[in-house]
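This report concerns only the one structure given below.
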Amino acid sequence: MSNKAAVVEQIGSPVVIKTVEKYAPGPDEILVKNGVISFNPLEVKMQKFGAIPYSVPAILGFSSAGTVEAVGTNVSYVKPGDRVTVLAPFDLTDLRTGHFQEYYIALPRYTSKIPDSVSLEDASSVPSNLVTVVAVFDAMLGPERPSPDGKRAAPKGKKLLVYGGSSSVGGYAIKYASDLGYEVITTSSPQNKEFVTSLGASSVVDHRQPAEKIVADLKALGPFDAVFDAIGTPEPTAIIGQVLAETGGGIIFTTLPELGDSAVYAKPDTVKRVYDSWPQVLDREEQKALLEWTYHVYIPEGLRSGAIIPTRNFKVPGGIDGIQEILDKSLAGVSGKRLITHV
């Protein structure tokens with residue numbers, strides 16, 4: 045049987061819609077029939093600008109939800125017919141594992157079962173966003189894990205700043221931190237204030253204000269025991285850097301590398317910016333237990349209990365044929381929501 049895919053044949057050029065093979069899973073693999081693709085802002089930056097180096101041809105697409113079509117002989121975690129949400133491995137040399145296609149190969153360690161109470165739409169964006177948060181918080185705070193049953197820990201008496209709380213990653217970070225018992229301060233537009241407050245933020249600063257006003261407001265709410273920048277662009281780096289520098293210095297954990305001229309990310313000497321390819325961090329041998337807990341315990345049980353509140357979605361028609369148009373829309377950005385399309 046055939047399989048339609050959106051293939052990057054040249055970085056900077058539109059994706060090409062092609063018919064590729066319908067893959068057979070290896071002994072340790074899962075074949076997934078794609079149902080809903082969730083778009084990550086990094087994907088369009090890779091397609092248009094090669095933001096992270098990779099070889100072409102390639103099939104992008106890192107996060108989706110679908111139905112198990114077939115499993116390899118060694119796979120016991122799922123069976124055909126199970127609904128799953130999956131994060132693609134970042135090894136783009138294997139065209140079978142990208143999610144911009146109708147059928148793809150998934151690895152059990154990056155696959156989570158979806159409870160009956162949760163839709164494919166809501167589950168589709170969970171892995172790429174939440175795994176980033178789990179890895180960042182492990183690096184930032186150490187081995188603290190929230191309860192997947194939704195019970196919030198007792199207050200720690202510590203403050204944590206999430207810059208960009210209405211972003212997809214930022215929303216998960218607010219909920220994760222508040223469930224751990226931190227007092228969470230965040231930034232968002234006024235239209236998203238109610239949403240980020242519902243996730244657990246105790247104070248919300250309007251990020252549309254002039255930079256000097258944001259700095260003043262954040263300083264008044266600090267000092268912070270930990271800082272997570274869910275946006276990762278130069279402007280938040282400068283604002284947070286000034287806040288930290290004027291309150292003794294500190295570390296900014298962030299979601300994006302310094303793209304382009306590093307001078308635009310200038311920050312005081314007392315402030316350090318830490319980036320890693322966070323989903324890949326969990327692949328390291330020393331993180332094996334955290335990886336297992338994230339995909340096979342926290343995501344399925346957290347979705348079932350409500351401990352995990354999925355990102356708000358913005359549905360876009362088009363499916364595989366509309367991938368390029370949706371990528372272009374992703375570059376323009378949609379405030380507080382993740383673009384998804386049905387396959």
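The opening residue of the sequence shown carries number 45 in the working numbering; numbering runs sequentially from there. Note that CB positions come from ideal geometry on N, CA and C, so glycine has one too.
For the pair Ala179 and Thr117, the Cα-to-Cα distance works out to about 30 Å. For the 8 Å CB-CB criterion, Leu151 and Gly142 do not form a contact. For Met90, the number of other beta carbons within 10 angstroms of its own is at least 16, and it is reported as buried. In this structure, DSSP gives Asp273 an extended state, which the three-state scheme calls strand.
Only buried fits Lys203, as 16 or more other CB atoms lie within 10 angstroms of its CB. With a beta-carbon spacing of about 6 Å, Ser168 and Thr129 fall inside the 8 Å limit used to define contacts.
For Ile96, the closest alpha carbon among the candidates Glu188, Ala102 and Leu86 is that of Leu86. Following the DSSP letters along the chain, one finds Asn357 inside the beta strand (DSSP E) bounded by residues Asn357 to Lys359.
The residue from Ala49, Tyr216 and Lys157 with its alpha-carbon nearest to that of Arg382 is Tyr216. For the 8 Å CB-CB criterion, Ala282 and Thr299 do not form a contact. With respect to the C-alpha of Gly346, the residue from Arg328, Pro190, Val119 and Ala132 having the closest C-alpha is Pro190. Gly380 and Asn236 do touch by the CB rule: their CB atoms are close to 5 Å apart, below 8 Å. Taken in chain order, the whole beta strand (DSSP E) runs of length 3 or more contained in the stretch 164-242 are 203-207 and 227-232. Taking a contact as a CB-CB distance under 8 Å, the pair Ser156 and His340 counts as one, their CB atoms being some 7 Å apart.
By the Cβ test, the stretch 105-122 is in contact with the stretch 74-82, since at least three Cβ pairs between them sit closer than 8 Å.
Taking a contact to require three or more Cβ pairs closer than 8 Å, the stretch 356-365 and the stretch 325-338 do not qualify as touching. Residue range Ile74 to Ser82 is occupied by the beta strand (DSSP E) that includes Leu75. In the three-state DSSP reduction, His386 falls in the strand class (E or B). For Val325, the enclosing alpha helix (DSSP H) stretches over residues Trp322 to Val325. Annotation: the continuous beta strand (DSSP E) that includes Asp250 extends over Ala245 to Asp250. In the three-state reduction of the DSSP assignment, Phe93 falls in the helix class, which pools H, G and I. When C-beta atoms of the stretch 261-271 are compared with those of the stretch 286-295, three or more pairs fall below 8 Å, so the two segments count as touching.
Rounded to the nearest whole angstrom, the CA to CA distance from Tyr98 to Gly186 is 31 Å. Bridge pairing for Glu65: Ser46 [DSSP]. Looking only at Val206, Ile352 and Phe239, the smallest Cα-Cα distance to Glu227 is reached by Val206. For Glu279, the secondary structure class from DSSP, reduced to helix, strand or coil, is helix. Shown here for Lys263: same chain residues with a beta carbon closer than 8 Å to its own, the five before and five after excluded, namely Val287, Glu290 and Thr291 in chain order.
If you compare the alpha carbons of Leu371, Gly377, Ala376 and Ile384 with that of Val88, the shortest gap goes to Leu371. Looking at Leu75, Leu243 and Val318, the one whose alpha-carbon comes closest to that of Lys219 is Leu243. Ranking Asn84, Glu73, Gln145 and Leu164 by CA distance to the CA of Val122 puts Glu73 first. Closest in C-alpha terms to Lys316, from the list Ala102, Asp327, Pro301 and Leu326, comes Pro301. Boundaries around Ser349 are those of the alpha helix (DSSP H), Ile343 to Ser349, since no beta strand (DSSP E) includes it.
Thr338 is not a Cβ neighbour of Val170, given a cutoff of 8 Å.
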